[in-house]
Ligand SMILES: [Zn+2]
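Numbering (my numbering), first residue to last: 116 to 529.
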């Protein structure tokens, strides 16, 4: 999955957050990172050894917990082997006894995650918390920036993923410095130099297309840096693909070129990069508020109304507040088969479980976050979903004034 949707990212982030909150007693929580190339039979062999060694653990409860965790791991690995399911990026297994309250309340929990990027290194780690760093890095790496440092002699192109800089191209112009010959030959010489400089900028453009166009959907923005005005000549001239030009966030002046220049550019642009995510969120909510103000019937808010519009396929962009904590419950009546769905607001209980058809008590058969429920409908009907934080004025307005649910519509439904 090279392209991760806002909803997938939200779900991935959410599972990581839940895993991060889990704490075991001692070092009984197992995190296992399995690359797609790893032989599963080797893991089973290793787990048998671990099981043998665990007999030496002195504390009876710890021994028991470690042993059950290993058993669960072997069971899971066998299941994965038997299923023969494609796991192109490998998988991550989290297993451990998690205390639910006081002593003796531990329950075995198992979480399998199919990561959005390929796992590179096999890891088997036992600790009092789950080891999440490689997965957290994957989230960061979904935010890729393109960085280029350009002056008349040299250009360096790099990507920035999380905190990792990767230089992808280094070009030199071969444009000689200006001479002072004077007269006719000077003008001819200047023309040659201008032509060479133009060719150099064209070459930079070609390299940038090669590197950035294939990843343009993941590319959050481009920053141009460099001493002097060559970067502006590059930006203002006809050298950049229009889709990449649209992604230029800012240009910054640097003292260095090359890799030092790349670092300097990132440092100087860091404020702009941080703001970018916030700006995108702000813009989306502002678009929603503008529709509300213009009143052409292209907006909708509140769960009930938005759900209806979603199901009609009328929603262009669905805006959901990250702080939305409501649940969507599925109720089923065992007696007569009556089926219903209700939304449970945060901190509220479902008051009435009585079946409207036969007066028996209905059972809650499924529970899902409201965000996921609505996002699923949106995805099925081709609406785009944006999860909005409450860190901005606009984001908190969406949460407070519109119940955290808003939509920009494709057509007027009224
Ligand atoms: Zn019933």
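Glycine included, each C-beta is placed from N, C-alpha and C at the ideal position.
Q | Enclosing beta strand (DSSP E) for residue 530 [first to last residue] | A | Summary: the structure shown does not reach residue 530, with the chain confined to residues 116 through 529, and so no result is reported for it.
Between the alpha carbons of residue 117 and residue 231, how many angstroms are there, rounded?
Any reading at residue 117 must be qualified, since the residue scores a pLDDT of 42, below 50, and its modelled position is unreliable; the value itself is stated next. Roughly 7 angstroms between the two C-alpha positions.
Report whether the distance from the Cβ of residue 456 to the nearest heavy atom of ligand 1 is below 8 angstroms.
no
Less than 9 angstroms between the beta carbons of residue 207 and residue 227, yes or no? With contacts defined as CB atoms closer than 9 angstroms, residue 207 and residue 227 qualify as a contacting pair.
Looking only at DSSP bridge pairs, what is residue 281 linked to? 274
- Message: Contact between the segment 465-472 and the segment 485-501 is defined here as three or more beta-carbon pairs at a separation below 8 angstroms; is this criterion met?
- Response: These segments do not touch.
_If you measure from each CB to the nearest heavy atom of ligand 1 and keep those under 6 angstroms, what residues do you get, in chain order?_
448, 450, 451, 453, 470, 472, 473 and 475
Runs of beta strand (DSSP E) wholly within the segment 361-440 (minimum 3 residues, chain order): 363-368, 414-416 and 430-436
- request: Compare the Cα-Cα distances from residue 416 to each of 427, 142 and 404 and report the closest residue.
  value: 404
**OP:** Rank 344, 353, 362 and 341 by C-alpha distance to the C-alpha of residue 328 and give the top, closest one.
**Re:** 362
Practice task
Return the residue from the list 239, 489 and 197 that minimises the CA-CA distance to residue 142.
Solution key: When each option's Cα is compared against that of residue 142, the closest is 239.
Q) Along the chain, where does the alpha helix (DSSP H) that runs through residue 247 open and close? A) It is not in any alpha helix (DSSP H) - residue 247 carries neither H nor E in the DSSP assignment.
| Between 393, 396, 271 and 138, which lies nearest to residue 371 when the distance is taken from Cα to Cα? | Comparing Cα positions, the closest option is 271.
- Message: With the cut-off set at 9 angstroms, would you say residue 185 and residue 212 are in Cβ contact?
- Response: The answer is no: Cβ separation not under 9 angstroms.
- prompt: What residue from 359, 352 and 312 has the CA that sits closest to residue 337's CA?
  reply: Looking at the Cα atoms, 359 is the closest of the given residues.
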